[in-house]
DNA sequence: AGCAAAGTTGACCGCCCGGTCCGGTTATTG
DNA sequence: CAATAACCGGACCGGGCGGTCAACTTTGCT
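Residue numbers (the numbering used here), protein chains in the order written: chain R, 2 to 209; chain D, 2 to 209.
Written out as structure tokens, the structure reads:
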């Protein structure tokens, strides 16, 4: 159904350049955010600027390719953890993996890089569904308080990295501290009623 | 010591324009972030672009003026709450005020708008010291866990707004939900040891 | 080896940005 | 009501951006 590039195998050098471009772009976006210029990305990859646009029609498309890659990787981790016995540690491990991934290359913007392409939307929806399942399991096992939804966790997921980004020369794993604090806020022991209902983030599965 | 514009009373229309400019800039920055263009700000204020640069030498200076204003307002709230009996609710009220202010005009960037001017740095240092006192009092009263520092709260302070910013059409007080969760994470009941020492944010007072 | 298709390149285009500048306008003072 | 200094505005400048294109190089098939 997804008629993706049916018959074209892609030339050897072209494939090399494409990979170099993706890596360079990820680095550049991580260091300088969305303002990273296409020219710099091209230079970093050791190719001409024109080559960028041959592989990715637009700068947003390049960004989308990276975003999809990361989200898929994270989703795989989540899927894997869905089979774990202890849902609490599974959820915690997932959040750790997410924060760790984000720490290496800050892609916080990817979340807001909203409806760049339907592919991004689909991938995000899939990831969100996985997280929702993880959270549901943890809630069932009473490992987290009953008033926490999947949307809550999705939203809070990026907070540790965000928070740490304001520390000038932060130690690389400072985010663990804030993940721990926030996670403690999710535990039943915290137990104070929440003043506002959770948002709905459209977690409808277009699943598997 | 602060030799601010000693003898010039400022003309009537000029003062009006300056105020309009500050208001327009705050709105524009809130809506579009740092990328808001000077031309748009000028248009919104109903003045020419040249007028902007007459009042503020650079775009960063304009931003700094707004930032200082907000930080001072927040500091005043904090100072006031320092005399409250219940340090726990005082801290909570402070965080509520901070989030509320940020919700109206998202100035999260102001934090990273680092060393634009020494005036900004001084104001921020003062605000941070106030927060540190608030936290210290709450800690003494055992209203929050003993391993939480002022820096922790400063960093976590903006998280609720950040988190909510990813919800497309968020209800205007959704931030309360996430402030509550994070605040619960600060309570002694949460009680899980933190995996990383707190950062130092340079809270040295150049005080009053 | 030879050749067509695929890929690469950097000069180039139009656009928008922050910041400058000077001719014209307005508020203030006596 | 002058007269003057303060102030205003928008055309203008240099620079960087995303994106295009036609001339050139490389790849892979025969």
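Backbone N, C-alpha and C fix where the C-beta goes; we use that ideal spot for every residue, glycine too.
Task: residue 198(R) versus residue 45(R) - alpha carbon distance - done: 46 Å
Task: residue 93(D) at chain R interface by Cβ criterion, 8 Å - done: no
TODO: Put residue 119(R) into one of helix, strand or coil per three-state DSSP.
DONE: helix
TODO: State the CB to CB distance for the pair residue 160(R) and residue 179(R), rounded to an integer number of angstroms; the pair is presumed to be in contact (CB under 8 Å).
DONE: 7 Å
TODO: Could you say which of 40(D), 84(D), 172(D) lies nearest to residue 59(D) if we only look at CA atoms?
DONE: 40(D)
TODO: Express the C-alpha separation of residue 136(R) and residue 194(D) in angstroms, rounding to a whole number.
DONE: 22 Å
Open item on the list: Residues in the same chain with beta-carbon distance under 6 Å from residue 139(R), minus the five sequence neighbours each way, listed in chain order, please.
Closed with: 88, 89, 92, 145
Task: Beta carbon of residue 196(R) nearer than 8 Å to that of residue 98(D) - done: no
- [ ] Put residue 169(R) into one of helix, strand or coil per three-state DSSP.
- [x] coil
Open item on the list: Strictly under 8 Å for the Cβ-Cβ distance: is residue 185(D) near chain R by that measure?
Closed with: yes
Open item on the list: Please list, in chain order, the chain D residues whose beta carbon lies closer than 9 Å to that of residue 33(R).
Closed with: Those do not exist, as residue 33(R) stays about 13 Å from chain D at its closest Cβ, beyond 9 Å.
- [ ] Could you confirm whether any beta carbon from chain D is found closer than 8 Å to the beta carbon of residue 177(R)?
- [x] yes
- [ ] Entirely within the segment 9–64 of chain R and at least 4 residues each: give me those alpha helix (DSSP H) ranges in chain order.
- [x] 13–33, 39–46, 50–56
Open item on the list: Run through chain D and tell me which residues come within less than 8 Å of residue 1(R), C-beta to C-beta.
Closed with: Absent from the structure is residue 1(R), since the part of chain R shown begins at 2 and ends at 209.
- [ ] With DSSP collapsed to three states, give me the class of residue 149(R).
- [x] coil
Task: Neighbourhood of residue 208(D) by C-beta distance below 8 Å, restricted to the same chain and skipping five residues each side - done: Annotation note: pLDDT 42 at residue 208(D) (below 50); position unreliable, no value reported.
Task: Rounded separation between residue 6(D) and residue 152(D) - CA only - done: Caution applies to residue 6(D), whose pLDDT of 40 falls short of 50 and renders its modelled position unreliable; the model cannot decide the point.
Task: Beta carbon proximity, residue 174(R) to chain D, threshold 8 Å - done: yes
Open item on the list: Please confirm whether residue 147(D) has its beta-carbon closer than 8 Å to some beta-carbon of chain R.
Closed with: no
Open item on the list: For residue 20(R) and residue 31(R), what's the separation of their Cα atoms in angstroms?
Closed with: 17 Å
Open item on the list: Can you check whether the C-beta of residue 121(D) is within less than 8 Å of a C-beta belonging to chain R?
Closed with: no
Task: Any chain R beta carbon closer than 8 Å to residue 10(D) - done: no
Task: residue 193(D) in three-state terms, based on DSSP - done: coil
Task: Contacts that residue 96(R) makes with chain D (C-beta to C-beta distance below 7 Å) - done: Within chain D, no residue comes near residue 96(R); the closest Cβ sits about 13 Å away, beyond 7 Å.
TODO: Measure the Cβ-Cβ separation of residue 155(D) and residue 83(D) and say whether it is below 8 Å.
DONE: no
TODO: Assign residue 157(D) to one of two classes, buried (16 or more other C-beta atoms within 10 Å of its C-beta) or exposed (fewer than that).
DONE: buried
TODO: Leaving out five residues on either side along the sequence, give the residues of the same chain with a beta carbon under 7 Å from the beta carbon of residue 78(R).
DONE: 95, 98
Task: CB-CB length for residue 103(R) against residue 162(R), believed under 8 Å - done: 5 Å
Open item on the list: Is there a Cβ of chain R sitting closer than 8 Å to that of residue 167(D), yes or no?
Closed with: yes
Task: Helix, strand or coil at residue 198(R) [DSSP, three-state] - done: coil
Task: Within chain D, partners of residue 156(R) - CB distance below 8 Å - done: 164, 165, 167, 168, 179
Open item on the list: At the level of alpha carbons, what is the spacing between residue 34(R) and residue 61(D)?
Closed with: 19 Å
Open item on the list: For residue 167(D) and residue 125(D), I'd like the C-alpha separation in whole angstroms.
Closed with: 26 Å
Task: residue 156(R) (DSSP reduced to helix, strand or coil) - done: helix
Task: 7 Å Cβ cut-off: residues of chain R touching residue 37(D) - done: Residues of chain R passing the Cβ test: none, with the nearest at roughly 14 Å.
Task: Proximity below 8 Å, CB of residue 67(R) to CB of residue 121(R) - done: no
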